[in-house]
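> Protein chains in written order, with our numbering: chain H, 1 to 397; chain B, 1001 to 1397. For each residue, glycine too, the CB sits at the ideal point set by N, CA and C.
1) Could you work out which residue in B:1324, B:1289, B:1285, B:1279 is closest to residue 1301 of chain B when comparing CA atoms only?
2) Less than 6 Å between C-beta atoms, sequence neighbours within five positions excluded: which residues of the same chain meet that for residue 32 of chain H?
3) Run through the DSSP bridge pairs and tell me what residue 204 of chain H is partnered with.
4) Tell me whether the beta-carbon of residue 185 of chain H lies closer than 8 Å to the beta-carbon of residue 269 of chain H.
5) Would you mind stating whether residue 1109 of chain B and residue 1138 of chain B have Cβ atoms separated by less than 8 Å?
6) Does DSSP put residue 1089 of chain B in a helix, a strand or coil?
7) Along the stretch 343-368 of chain H, what residues have a CB closer than 8 Å to any CB found in chain B?
8) Just checking, does the stretch 1072-1091 of chain B make contact with the stretch 1049-1058 of chain B on the three C-beta pairs under 8 Å criterion?
9) I want to see whether chain B comes within less than 8 Å of residue 312 of chain H, judged by CB atoms only; does it?
10) Counting contacts by CB-CB distance shorter than 8 Å, is residue 41 of chain H in contact with chain B?
11) Between the stretch 379-389 of chain H and the stretch 359-367 of chain H, do three or more beta carbon pairs fall short of 8 Å?
12) Given a threshold of 16 other Cβ atoms within 10 Å of its Cβ, counted over all protein chains shown, does residue 61 of chain H qualify as buried or as exposed?
13) Could you pull the start and end residues of the alpha helix (DSSP H) that residue 1337 of chain B belongs to?
14) Starting from the N-terminal side, write out each stretch of the alpha helix (DSSP H) that is 4 residues or longer and does not extend beyond the stretch 1154-1183 of chain B.
15) Comparing C-alpha positions only, which one of B:1077, B:1396, B:1087, B:1259 sits nearest to residue 235 of chain H?
16) Run through chain B and tell me which residues come within less than 8 Å of residue 215 of chain H, C-beta to C-beta.
17) Show which residues of chain B have a CB atom less than 8 Å away from the CB atom of residue 21 of chain H.
18) Got a sec? Which residues, its chain only, sit under 7 Å from residue 1296 of chain B by beta carbon, not counting five neighbours each side?
19) Identify, in the order they occur along the chain, each residue of the same chain with its Cβ nearer than 6 Å to the Cβ of residue 1220 of chain B, setting aside the five sequence neighbours on each side.
20) For residue 402 of chain H, collect the residues of the same chain with a Cβ closer than 8 Å to its Cβ; drop the 5 residues on either side in sequence, then sort them by chain order.
21) Starting from residue 1109 of chain B and walking both ways along the alpha helix (DSSP H), at which residues does that stretch end?
22) Could you tell me which chain B residues have their CB closer than 7 Å to the CB of residue 171 of chain H, listed as they occur along the chain?
23) Under the rule that 16 or more other beta-carbon atoms within 10 Å means buried, what is residue 1158 of chain B, buried or exposed?
24) Residue 1341 of chain B and residue 1020 of chain B: beta carbons closer than 8 Å?
25) I'd like to know whether the C-beta atoms of residue 2 of chain H and residue 195 of chain H end up nearer to each other than 8 Å.
26) I'd like to know whether the C-beta atoms of residue 319 of chain H and residue 298 of chain H end up nearer to each other than 8 Å.
27) Against chain H, does residue 1223 of chain B count as a neighbour if the rule is that its beta carbon must be under 8 Å from one of theirs?
28) Residue 1381 of chain B lies in the alpha helix (DSSP H); which residues open and close that run?
29) Candidates B:1136, B:1282, B:1257: which alpha carbon is nearest residue 1226 of chain B's?
30) Using a Cβ cut-off of 7 Å, which residues of the stretch 236-255 of chain H contact any Cβ in chain B, in chain order?
31) Mind checking if residue 316 of chain H is an interface residue toward chain B, Cβ cutoff 8 Å exclusive?
32) Going by DSSP, which residues form a beta bridge with residue 1076 of chain B?
33) Could you give the DSSP three-state label for residue 145 of chain H: helix, strand or coil?
34) Residue 270 of chain H lies in the alpha helix (DSSP H); which residues open and close that run?
35) Return helix, strand or coil for residue 402 of chain H, following the three-state DSSP convention.
36) Among the residues of its own chain, which have a CB less than 8 Å from the CB of residue 1035 of chain B, if the five just before and after it don't count?
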């Protein structure tokens, strides 16, 4: 059994704070500060340019990629870190569309995170070949898979509701229809067991600042199924995806395997912080994590529904149908969430009316979940949310 | 007059090391470690998700952009940080080509850094509209500008030779021919005075880990001339370039001005390190910097030519025609450079035969330049380079 009291000790959490937003930004792993400072001082400071070889900076996107890969069922050498999730979505989709030149439909759902849809639209407009971004409701995806679809592009866990797609089943369906499947694991990696190889996914992308605790703006990752890795043309053909970057040839020649999905110079400082954060996963059994996550979210739902009858559950009731987050809906959700945050319970808000709460067994216990529900109750009962300062929208919600 | 002894005191340089590679990776600014650690501990650690508003993380790409902008003659609000240089080149070129839909030529030179050419090739292949990447010799660029050219895409300072293009003149020529001009400032920003507004450049991109000392893999920047900023369609249309990212609309609507060139979540930790590094530029007069840079590079050339007759100058002899770096050519340049590095003089090597040396008055003095030339002499005279270990190619040169 995974000992979550041990993993919890690895994180810094401010005293008295109930943090139910690890689905948006994971907390600081205590060792990340020192490890990052040490990298800066001893590697950058002392080795300077030599760090690219001597400290292994150039190999880091692949090495950290393998660490992430182990959490998502990806074989060694099939995941690489770099850029942002948006860029990685673009790469995956651009490559997928070229593999299915006769087909014109990109199928997604309205629970996909907007940036995935925006990047797809931008790509489609650039290609100017008559592609269509078809957006259906999550429950309509399966029936919408047909032989016009070039790529099925979904976020496994809906960012608003936590609704979980059946990756294996939908990928099979896509393949049976001759389409490729691209999975965004932003709310999956580190949140629940993922088996990319077992599901036979074609591409996957994800970010590392949510459940993987890499810090604000930590680099993204991309997975390409090994059977496809050398067949894809990288649309973003940067020098570090070249077969021989330091030959400085004038012509691009795609690198081997997943290396061709590298683009520019790797973000070494950010990768040092992320690498430190990933230490927390050593020895964690993903089945234990999932069981603990469900225990926490079920308890939260029970407590909130009992205490706060004005709130409507915005997530699937069956925990097997959810990722590791739960939403409750209320027309004044924004103000309620601001009041809750002011009372040291942190979740977040997603327009138009969803209050989101994330459950992260690595550092969150049942007592805190109950405390969060209690404070939510008090804010509703005493209408503490109904003050001007809580209605004012901040830039970031 | 700028006091370079003061700026020098801001950097950590290992004892006894002569660092002539600030054109590849700037050294560690002493305060960067603490400032980054403080950001991680006090902002990420204590504020958690609230840091996006409370610590100003979301505004940082623009704020740091303005700091960089002041060094390159860009008006407030016209520069934004994020991604890598390769990605920024792609954005600039994709937008430029859409502004000139009837034209099919991207004109560049063989002194452009390969990733710029690779990204252009990748884009052209994706667009599949018959664009041509025309690569000429640097001295042939001016004559090759004609009314077939959609975009002139150049790196102002040649990464191999230090040869400096005349940005103002070539931009004028491009505009007269109806073309747009994209300038890569990788070897210019912080290396010499740049006046983007004065040159009427259309787009500019650059990296911040060379002369701006932001650390390995520090984020890139992009400039779009304010007169164009709201006319360009962002090809990489990520959510943070959206007019209202936190409305989570399904449709993309480009943000105002330079904001539309943002893509994904900003790299907050890396931006903290870069922001600390940029403090070194407060009070630096770029004309003083240029004069000091020329003094250093001229002295180096004199010393090396006097001491090392086997080496051939690979850079323009006229300092006004150079950026802030000098190359010397030798068939065994790779091994010689490795031996030099082993003797604590750090430059780098660019295939096929160029040893590069960068001159960075912020932290480099004339004594070190002379010491570097002396050690180079010794390595050549005593053939210290001719050992097996110095011939072995490392992954990164």
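Taking the coordinates as given:
1) B:1324
2) 273, 276, 277
3) H:183, H:223
4) no
5) yes
6) helix
7) 346, 348, 350, 351
8) no
9) no
10) yes
11) no
12) buried
13) 1333-1342
14) 1167-1176
15) B:1087
16) 1040, 1044, 1268, 1269
17) 1048, 1049
18) 1359, 1361, 1364, 1366, 1369
19) 1083, 1084, 1085, 1088, 1207
20) Only positions 1 to 397 of chain H appear in this structure, which leaves residue 402 of chain H out of reach.
21) Counting along the chain, residue 1109 of chain B falls outside any alpha helix (DSSP H), though it belongs to the beta strand (DSSP E) covering 1105-1109.
22) Here the premise fails: no neighbours, minimum Cβ distance about 24 Å.
23) buried
24) no
25) no
26) yes
27) no
28) 1366-1381
29) B:1257
30) 236, 237, 238, 239, 242, 246, 247, 248, 249, 250, 252
31) no
32) Looking at the DSSP assignment, residue 1076 of chain B forms no beta bridge with any residue, so it has no partner.
33) coil
34) 268-278
35) Because chain H here runs from 1 to 397, residue 402 of chain H falls outside it and cannot be looked at.
36) 1272, 1273, 1275, 1276
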